[in-house]
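Colleague:
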Amino acid sequence: MVSDAFALTSATEQIHDVTLVPLGVTLLFMALLVVMILCLALEEKLHAKKSVIVGLFAVVTLFLGAAFDLLPFGSITVGGHEIDLPVYVPAINWNVIAIILGSSLFVDVTSRSGLFTWIAIKLTRASAGDPLKLLVYYGVMTVVFSAVLNNVTAMIIVGSLTGVSLKRLERDNLLLGFLIVEGLLTNVGGLLTLISSVPNIIVGTTAGISFARFFVVAGPFVLVATVVTLWLGARIFNIRRLATPEEREKSARLVLGFDERDGIESNAFFWFGAAMLIAFIAVIATASVLPLIRDLGMGYVAITFGVIMLLRFKAVADKFYEAIDWDLLGFFAALFVVINVMEHALVLEIIGKGLAHIIGLGDTLGTGLIVVLGAAASSVTDNIPLAAMLAKILAANPVIGSDPNSPFWWAVVFGANLGGNLTPIGSASTLVAVTIIHKYKLNLSFVGFVTRALPFAGVQILLAVAYVVFFV
Amino acid sequence: MTRVDQFESAFRAADKPVFEFLQPVVERVLVVTDLRGASATAFRDQARDFLAVLGNGVQWDLDDGDSFDTIKVLLERVNERKPDLICTYRNLHSEAWRWPYSLGEYLDVLTQIVACPVLVLPHPLVTRTNGHTLQGTDIVMAVTTHLAGDDSLVNNAAGFTNDDGTLWLAHVEDERGFGRFIDAISKIDAIDTDTARERILAQMLKEPGDYIRSCREVIVTHRPTVHVQKIVTVGSRLTEFRRLIDQYSVDLLVMHTKDEDQSAMHGLAYPLAVELRETPLLLL
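Residue numbers (the working numbering), protein chains in the order written: chain A, 644 to 1115; chain B, 43 to 326.
Here's what the structure looks like:
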């Protein structure tokens, strides 16, 4: 399936012939793309938000695209009606934007029901304060929250609970290990469903992979990778079970102080939140087969659930609008525009030709190489532009583009997600983990993170290569 | 990172001190008086009757007016006897009890040096006006400026409450101090004053409220006939405590007097101990 935005762009192209692009112009745009990716990698150093960086490149590339007569200006036809739209509007994949906007709104409002803190504290109490049990419970919770909510929210919830609970248990010495393992597991959990991470949404919607199919393929890998990561984490960070009955008794008493019902202001809203979360997952999972919903898309589902939850706070809904990550949404919108211009400048075609060599290596070597190269690339820069670019290139490939079951789609998904575990800037959730680590005054440099994360990320990427090559 | 703070706050709020019951052990009581002979013995008997809650297995020692004439000697005798509780009154070996403005040098030192609690009874020569009969500890009130997590205060108060008695756990948040913070907040443009006032006050009152609930749940399993009651309010602490003590006809007031940061008596305890001269006080 080709996404809506791509379809709209194609419609435009039917009306306006795009002139042949000189190689020099293509190289100029490629240079701009490289500079943009470098700027994103150096986001922290530049003290600039992603949306501003990519927004700047969007306006510059649009201007240059117009100057070099690359852009298909004019009206587009939708359902037999001719509509005048600015060229950059149909360039944006609005389904992705709607999914992200609706999901974040839904998660934010649902979190006010106390549901997520209830689950988190229940698990803390169930661990009886035993560090190893706590690592397993928090690890599983990280994976599930990453899958159901999103990586960043999962890291924020589990990371903040980890800080508070380990302090309470007087186990501050284990905090670094816990937070690193949780940060690494967000990207594993982020693989579980189609809506768990933005690369999944972009690649999944572009390839036409259904929610259920995505879950069935990714699930076994996520299970194995989670178990291996937790096992490694316990060994590397020396996280063990409590040895003496006195230690066990003391820890059990300390966690008893956590009251899971503290954050629940209304029982009715708590249960409503729980029911809506289950319904949200169910509808998203079956969106591709539900009549009407199938046509309206997952973005519609996400927005609908967000709006329904907002009814509870209808008088103060503006507070939730303020909390939306507009930087992220602005970043996506601008990114889609940049990539669209790059497509018209034939930059993607050149990259696609390079990628074609790798694809030509076959399903075994080719997919394996894409996992590794994708991981390497997304470890130093944002995995979203990478996923968006590769998805568009694969969609243009006549064989892969028409086959949602092609392993190449999965190679991009696994590489883009797991690469985030190699460095602290590789993904937003590991960045959150490092921020929490620094908040607790724990000393962890960039190199320190890489050194500690490398064994985990290395094993996960090797597992992913084997999985994509032999099982997908 | 505001969302990290948001969830950290939620988890910190959910992390509450849980009361742990520990019955105070009182096997040996030392009665210290400046009376002599039969008067001293009568005072000791009065103290024993008042503390019937301790039961019959307690050894009651008496240091009367002849057994000490300096603080040093009194402290030596306390060290020798190693009591679990000292019963005495204000202004020992002094006429200052006629003027209700001090505790007297003996009590000042005892409360700060001796590890065991000190029960301060009304001076035996003062005519009581508030109707206290010193017949027992049916109504006990624990007062503090920070109740949440203060197991020692609650355990002592519960331990000195008669069966079928009422234990009041009182926390009064200082209105003036709170007002000063809100006044400062009202001058900071980044903080919404109304929200700050509402949320901070609610949280400050919630913590002792939650703790009292925990105390009640635990105490009922060990002392099922003791009724635990909650007072959590805002006001001028001294005025409010005075009012509450009068309102509930408190038989025994329990409070901390030691302060790790200073050698003088704990800030709230001193004025209460000086002023509430007709109410028995258990000073920890």
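Note that the Cβ used here is the ideal one computed from N, Cα and C, for glycine as well.
Keep in mind the model is a prediction, meaning the values are calculated, not measured.
Taking C-beta to C-beta, are A/V779 and A/L873 nearer than 8 Å?
Modeller: yes
Colleague: Along the chain, where does the beta strand (DSSP E) that runs through B/R70 open and close?
Modeller: 70-74
Colleague: By a C-beta neighbour count over all protein chains shown, 10 Å radius and 16 as the cutoff for buried, is B/I230 buried or exposed?
Modeller: exposed
Colleague: Please report the straight-line C-alpha distance between A/E656 and A/L714, rounded to a whole angstrom.
Modeller: Here A/E656 scores only 42 on pLDDT, less than 50, and its place in the model should not be relied on; the value that follows carries that caveat. A/E656 and A/L714: Cα-Cα distance of roughly 9 Å.
Colleague: What are the complete alpha helix (DSSP H) segments, minimum 4 residues, inside the segment 816-854 of chain A?
Modeller: Correct list: 818-832, 841-850.
Colleague: From A/D905 to B/A56, what distance separates their C-alpha atoms?
Modeller: 5 Å
Colleague: With a threshold of 8 Å between beta-carbons, can A/E903 be considered close to chain B, or not?
Modeller: yes
Colleague: Rounded to whole angstroms, what is the Cα-Cα separation between A/F711 and B/R241?
Modeller: 58 Å
Colleague: Taking a Cβ distance cut-off of 7 Å, strictly less, list which residues of the segment 97-129 of chain B are near chain A, in chain order.
Modeller: none
Colleague: Taking only beta carbons into account, state which residues of the segment 804-817 of chain A come closer than 8 Å to chain B, listed in chain order.
Modeller: L804, G806, V807, S808, R811
Colleague: Is there at least one Cβ from chain A nearer than 8 Å to B/E50's Cβ?
Modeller: yes
Colleague: What residue does the beta strand (DSSP E) around B/C257 start on, and which one ends it?
Modeller: Looking at the DSSP string, B/C257 is not in any beta strand (DSSP E); the run it does join, the alpha helix (DSSP H), is 235-264.
Colleague: Tell me whether the beta-carbon of A/L1074 lies closer than 8 Å to the beta-carbon of A/I1080.
Modeller: no
Colleague: Alpha carbon to alpha carbon, how far is A/A1100 from B/D301? Give it in angstroms, no decimals.
Modeller: 52 Å
Colleague: I need the DSSP call for B/L325, collapsed to helix, strand or coil.
Modeller: strand
Colleague: Cβ closer than 7 Å: which chain B residues qualify as neighbours of A/L1116?
Modeller: Outside the shown range of chain A (644 to 1115) lies residue 1116 of chain A, about which nothing can therefore be said.
Colleague: Could you tell me the distance, in whole angstroms, from the CA atom of A/N1048 to the CA atom of A/S853?
Modeller: 10 Å
Colleague: If you scan the segment 902-936 of chain A from start to end, which runs of the alpha helix (DSSP H) of 4 or more residues do you find wholly inside it?
Modeller: 910-929
Colleague: Is B/T179 closer than 8 Å to B/L149 when the C-beta atoms are compared?
Modeller: No, the pair does not count as a contact, with Cβ atoms beyond the cut-off.
Colleague: Please confirm if B/A184 has its CB atom under 8 Å from at least one CB of chain A.
Modeller: With 8 Å as the cut-off, B/A184 does not count as an interface residue toward chain A.
Colleague: Drop a sphere of 10 angstroms on the beta-carbon of A/A1018, count the other beta-carbons inside from all chains shown, and report buried for 16 or more, exposed for fewer.
Modeller: A residue is called buried once 16 or more other Cβ atoms fall within 10 Å of its Cβ, and A/A1018 is buried on that count.
Colleague: Quick check on B/G191: does DSSP put it in helix, strand or coil?
Modeller: coil
Colleague: Within 10 angstroms of the Cβ of B/D87, are there 16 or more other Cβ atoms? Answer buried if so, exposed if not.
Modeller: Note on B/D87: under 16 other CB atoms within 10 angstroms of its CB, so exposed under the neighbour-count rule.
Colleague: Exposed or buried, which one is A/W969 when buried takes at least 16 other CB atoms within 10 Å?
Modeller: exposed
Colleague: Kindly indicate if chain B contains any beta-carbon less than 8 Å away from that of A/G949.
Modeller: no
Colleague: Relative to the C-alpha of B/F202, which residue among B/D106, B/F61, B/L93 is closest?
Modeller: B/L93
Colleague: Which partner residues does A/I719 have in the DSSP bridge list?
Modeller: A/I726
Colleague: Go to B/D216, then tell me how far its alpha helix (DSSP H) extends in each direction, as first and last residue.
Modeller: Not the alpha helix (DSSP H): B/D216 falls in the beta strand (DSSP E), residues 208-216.
Colleague: Taking only three categories from DSSP, how would you classify A/G698?
Modeller: helix
Colleague: Touching or not, the segment 181-199 of chain B and the segment 209-229 of chain B, by the rule of three or more beta carbon pairs under 8 Å?
Modeller: yes
Colleague: Could you give the first and the last residue of the continuous alpha helix (DSSP H) run that contains A/K688?
Modeller: 686-689
Colleague: Does A/I1079 get closer than 8 Å to chain B when you measure Cβ to Cβ?
Modeller: yes
Colleague: Would you report the Cα separation of A/L972 and B/R218, rounded to the nearest angstrom?
Modeller: When the Cα atoms are used, A/L972 and B/R218 turn out to be separated by approximately 46 Å.
Colleague: Within its chain, find whatever has a CB closer than 6 Å to the CB of A/F979; leave out the 5 residues flanking it on each side and keep chain order.
Modeller: A734, I735, N736
Colleague: Please list, in chain order, all residues of the same chain as A/V865 whose beta carbon is under 7 Å from its beta carbon, the five residues on each side excluded.
Modeller: V786, V831, G832, L834, L835
Colleague: Please state if the CB of A/P842 and the CB of A/V1015 are separated by a distance shorter than 8 Å.
Modeller: no
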